[in-house]
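Student: Mind having a look at this structure? Questions to follow.
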Amino acid sequence: MSDCPSSVQATLLFAEWQELDLADLISEFSRTLRNIGLDCPSVEARSNPPRITLSNDRISVCVSLGESQISAETLRGVQRPTLPRSSDNAVQQILQVCDSAIHVEAAHVQNTARPVARRILIAACYHVVRFLDHEFEADLIHWHPTDMLFTAEEFETPIMPPDSADTPARPVLPESLAAAEAMQGATAEVAPEMASMRLEAEDAEVIDTAAEQAEIARSEAAPDVIDADASAETTGESNWENNREFDGAMAARQALAQEEALRKARRSIFADDLIETEDRQREQPKEPVGLIEQTTVYVMTSTLMIVSFPIGFAVLIYNILAGENLRNTARAMALTGVGFAFSTADLAAGLSSLI
């Protein structure tokens, strides 16, 4: 694999290797790259050694399979995360038994008019490595841009200090920085309390003796002095409780602010990977008009055309061509039929004679 500075590389190391065919994963690699907005229609596969290259006119992503060429001595000086989740001894023991590897490289295509931004190369390499790690559960991951060795858990959820290098060991998650800051803040707050607890443990006997002497003196004091001391103690306890409630409210407010900052940072970094849903109100589908209603409309229209030729003929042509609402037309035709019935059958005269 090339050491060109315009490429980003990573190596996944395995202790217990299972045979696999990279050609079966071409569609998965393409889908992973499309998820971050990279369409690589050109695919090249080789069998000896196993190697797959997905590319377009600007970027190429190469995945190759082979025996691990990295020994424990070679990686002995490789950096480890500042806040590791596994000890260096455990990592060295795993490294001793790793004998297979998958190499991933994202690089510029030669002779391109406009080079790809380095952050795009890092994102492409990272997402392919992450997919392979989820699929085959790598034991160790060597991230070349920072020459750092991770376990699978450290690579998935790293804890990085806020003063990391310009090129992160992997796309730094906002949770990593917040976790490091929270750990440092918690250590700074707990240290004075631990020191005071040690002093109290060392002077326990002296404090107990002083308390007994003070109790004897209080029993001999006047009642008004005792009442004043009790009032002072009550006031002190009330102030301490108020301070504790205030500290709790401030801590909750800071936690909410940090959570909102993490949410905004996560959206800005992984905006292409997030799937946002929107609640859209859809119109209710129109119920289909039944056959009886259609028949009624055209029968009434034909009747109207016979009784009153110009009007009925115009309504019939309009219904056929323009597709007027058949239900409203049926109601209109029914009322028209009732009106014609009253006018032609002398029903009005019969009703008036009955009245």
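Numbering (full-length UniProt numbering), first residue to last: 1 to 355.
Every residue gets a Cβ at the ideal spot worked out from N, C-alpha and C, and that includes glycine.
1. Going by the DSSP bridge assignment, what does L65 pair with across the sheet?
2. Please state the DSSP three-state secondary structure of P81.
3. Cα-Cα, which of A255, H142 and V315 is closest to V78?
4. Within 10 Å of its beta-carbon, does A221 have 16 or more other beta-carbons around it, so buried, or fewer, so exposed?
5. Quick check on L140: does DSSP put it in helix, strand or coil?
6. Let me check one thing: in DSSP terms, what residues is P50 bridge-paired to?
7. Taking S55 as the reference, which of S47, I26, S352 and R80 has the closest Cα?
8. Could you spell out where the alpha helix (DSSP H) holding Q92 opens and where it closes?
9. Considering S7, what are the terminal residues of the alpha helix (DSSP H) in which it resides?
10. Is there contact between the stretch 115 to 130 and the stretch 34 to 52, where contact requires at least three CB pairs shorter than 8 Å?
11. Is it right to say P41 is buried, meaning 16 or more other beta carbons lie within 10 angstroms of its own, or is it exposed?
12. So is M250 buried or exposed if we call it buried at 16+ other beta carbons inside 10 Å?
13. Could you tell me which residues DSSP puts in a beta bridge with T151?
14. Sort P81, A45 and F29 by Cα distance to T146 and report the nearest one.
15. Counting C-beta neighbours from all protein chains within 10 Å, is the total for Q9 16 or more, i.e. buried, or is it exposed?
16. Is L140 near T157, with beta carbons less than 8 Å apart?
17. Bridge partners of S27, per DSSP?
18. Could you tell me the alpha carbon to alpha carbon distance between Q110 and Q254, rounded to whole angstroms?
19. Could you give the DSSP three-state label for I59: helix, strand or coil?
20. Pull the bridge partners of A107 from the DSSP assignment, please.
21. Measuring CA to CA, which of I102, L132, H144 and D133 is closest to I122?
22. Tell me the rounded alpha-carbon separation between F155 and A265.
23. Kindly indicate which residue of L95, A90, Q96 and S7 has the alpha-carbon position closest to the one of I115.
Tutor: The structure says:
1. Residue numbering aside, residue 65 sits at position 65 when the sequence shown is read from its first letter. In the DSSP output, where bridge partners are listed per residue, L65 has I102.
2. Counting from one through the sequence shown, the residue named residue 81 turns up at place 81. Of the three classes helix, strand and coil, the one that applies to P81 here is coil, per DSSP.
3. For this step, residue 78 is matched to residue 78 along the sequence shown. That would be H142, whose Cα lies nearest to the Cα of V78.
4. Here the question's residue 221 lines up with position 221 in the sequence shown. Legend: pLDDT at A221 = 47, less than 50; position of this residue unreliable, no value from coordinates given.
5. Along the sequence shown, one-based indexing puts residue 140 at 140. Strand, per DSSP.
6. For this step, residue 50 is matched to residue 50 along the sequence shown. Beta-bridge pairing links P50 to S47.
7. Reading the sequence shown from its first residue, position 55 is the one you call residue 55. When each option's Cα is compared against that of S55, the closest is I26.
8. To locate residue 92, count along the sequence shown from 1; it is residue 92. Its alpha helix (DSSP H) spans residues D88 to Q96.
9. Position 7 of the sequence shown, counted from the first residue, corresponds to residue 7. No alpha helix (DSSP H) holds S7; the beta strand (DSSP E) holding it covers S7 to F14.
10. yes
11. Locating residue 41 in the sequence shown gives position 41, where the first residue counts as 1. Exposed, by the Cβ-count rule.
12. The residue you call residue 250 lines up with position 250 of the sequence shown. Burial call: exposed.
13. As a working mapping, residue 151 is identified with position 151 in the sequence shown. Beta-bridge pairing links T151 to L140.
14. On the sequence shown, position 146 is the one that residue 146 refers to. Looking at the Cα atoms, P81 is the closest of the given residues.
15. The sequence position of residue 9 within the sequence shown is 9, counting from 1. So Q9 counts as buried.
16. Looking up residue 140 in the sequence shown gives position 140. Looking up residue 157 in the sequence shown gives position 157. No, they are not a contact pair.
17. The count along the sequence shown starts at 1 and reaches residue 27 at position 27. DSSP output for S27 lists no bridge partner at all.
18. The residue labelled residue 110 in the question sits at position 110 within the sequence shown. The residue labelled residue 254 in the question sits at position 254 within the sequence shown. Distance between the alpha carbons of Q110 and Q254: 49 Å.
19. Locating residue 59 in the sequence shown gives position 59, where the first residue counts as 1. Strand.
20. Against the sequence shown, residue 107 aligns to sequence position 107. The partner list for A107 (beta bridge, DSSP) reads S7 and S60.
21. The residue labelled residue 122 in the question sits at position 122 within the sequence shown. Of the candidates I102, L132, H144 and D133, the one whose C-alpha sits nearest the C-alpha of I122 is H144.
22. Residue mapping note: residue 155 aligns to position 155 of the sequence shown, counting from 1. Residue mapping note: residue 265 aligns to position 265 of the sequence shown, counting from 1. One C-alpha to the other measures close to 19 Å.
23. In the sequence shown, residue 115 corresponds to position 115, counting from 1. With the sequence shown as reference, residue 115 is identified as Pro, and Ile is not the correct amino acid for it. For the residues L95, A90, Q96 and S7, the minimum Cα distance to P115 belongs to S7.
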